[in-house]
Amino acid sequence: MVSFRNSVAALALTSLAISACGGAAQEAAAPSATAAGPVKIGISLPLTGDFSEPGKGIQEGYQVWADMVNAKGGLLGRKVELIFRDDASDPNKVSSDYESLISQDKVNLVFGPFSSRLVIPAAQVAESYDMLFVEPAGAAKEVFEQGFERLFYAAPAIASDHYNYLAEYLLALPADKRPRTAAYASLDDPFAMGTAYGLRDKLAAGGIKTVVDEVYPPETTDFAPIAAKIAAAKPDLVVGGTQFEDSVGLVRALQELGSQPRMAAFSTGPTLAEFPAAVKGAAEHIVSPVGWAVSSGFPGNDAFVKRYKEMFKSDANEDAANGFTVGQIVEAAVNAVKCVEQTEECQTKLADHIRQGSFETIVGPLSFDDQGRPEQAHMIQQYVDGKVEIVLPEGSKAQTAELVYPKKEW
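If you use mature numbering (1 follows the signal peptide of the UniProt record, and there is no 0), the sequence shown corresponds to residues -24 to -1, 1 to 386, in order.
(1) Tell whether a beta-carbon distance below 8 Å holds between glutamine 39 and leucine 23.
(2) Counting along the chain, where does the beta strand (DSSP E) carrying tyrosine 192 start and finish?
(3) Assuming serine 20 is part of the beta strand (DSSP E), what are its boundary residues?
(4) Once the 5 residues before and after lysine 178 are set aside, which same chain residues still bring their CB inside 7 Å of it?
(5) Tell me, to the nearest whole angstrom, how far the beta carbon of glycine 88 is from that of phenylalanine 109; I am working on the premise that it is less than 8 Å.
(6) Rounded to a whole number of angstroms, what is the C-alpha to C-alpha distance between glutamate 307 and valine 281?
(7) For the segment 101 to 141, which segments carrying the beta strand (DSSP E) assignment without a break, of at least 3 residues, lie completely within its bounds, in sequence order?
(8) Please name the residue in Lys363, Tyr129, Lys383 whose C-alpha comes closest to that of alanine 249.
(9) May I ask which residues mark the beginning and end of the beta strand (DSSP E) holding glutamine 357?
(10) Taking contact to mean 3 or more Cβ pairs, one atom from each stretch, closer than 8 Å, check whether the segment 150 to 165 and the segment 129 to 137 are in contact.
(11) Would you mind stating whether valine 339 and threonine 376 have Cβ atoms separated by less than 8 Å?
(12) Would you identify the three-state DSSP class for leucine 248, choosing helix, strand or coil?
(13) Can you pull the DSSP bridge partners for aspartate 62?
(14) Report the option in Met44, Asp165, Met355, Leu21 whose CA atom is closest to the CA atom of glycine 33.
(15) Using CA coordinates, which residue listed in Leu213, Lys285, Leu368, Tyr284 is at the minimum distance from proline 265?
(16) What's the gap between the Cα of threonine 218 and the Cα of phenylalanine 199?
(17) Please report the residue range of the beta strand (DSSP E) in which proline 341 lies.
(18) Are there 16 or more other CB atoms within 10 angstroms of the CB of proline 341, so buried, or fewer, so exposed?
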């Protein structure tokens, strides 16, 4: 890690400490050497750059969790203090951020960033210091192929399994109703491609033909050429492996060309409250995989939704829920093993407890395999009459409406 250490001195001067109870920024305080000091948790997030929209959601989820923990007396009787840094959606910056948080700020714990692209380099740093690394948004298969021993993804399913319920639904339809062709367009990002191609592979194995398969770089802003290829192919199903801005760009470009698929599915973007307004009325019947629902009824969810509304004057979203879930899992582990020290012994105890346990969270019960992959599945949401509804799995406690297929025309 010598190359990281050579670069962190300047970065340390600009780090911010976020007080967990109020969220106000202040200069990072020197680490406390006393047992009575706060439990410091280091976090780097993409608060600017390509992933800033979901990055801010994750930050808010972390803040709600810390606020609620501190209201109960903190972790092991010590106040929680979150130290945030902005990695600007840059894999190099996220590495140096975690290097300095661990080696200079001497944080007790670290929480993960957003995006598989940032999770892998961040986890490499944490692993080199034997630190527990629970993360909210690194779902690509590559994350779990690095040999990490203390990484856990705090969500129901990895990227390639996000659409499992939708794949099962479509392939179970009668032959005359089942989609025959599908078009795929994905951001060049491990998570986004994982969601789209996980569905593509399952549908292709079931006989649904791929007629368009496009990958575009993160800096893409003009989606008209991709939309034109899709419109020309006239697919029954359009699937976007997307974040927020590109999901909006693709939907608007398809809408402008008059493309009318029977179903449209996009990851991440449609789960955010800003999406319907951004696509100018085209949200109706779009489906997305979602790991959390406001009406799920899972333990602690109502309290999370209420406190989020009080703190941020808006409705909670999936990104915030994923951040909160990271906190829930780490909190349970800390309370079980009774330590928060930045030592190999403590961090290993925490990781072993998580690997062997099952946790009640606001996204449902979670457990993990030996690589830190969750062993559950994502729900499918759909906009129905302008409202987000959980439509799959059918017959589940979380389902709030029947899936509408084919979709309303744009």
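Every residue gets a Cβ at the ideal spot worked out from N, C-alpha and C, and that includes glycine.
In short:
(1) no
(2) 185 to 192
(3) 15 to 21
(4) Ala143
(5) 6 Å
(6) 19 Å
(7) 109 to 111, 127 to 129
(8) Lys363
(9) 355 to 360
(10) no
(11) no
(12) coil
(13) Leu21
(14) Leu21
(15) Leu368
(16) 12 Å
(17) 340 to 342
(18) exposed
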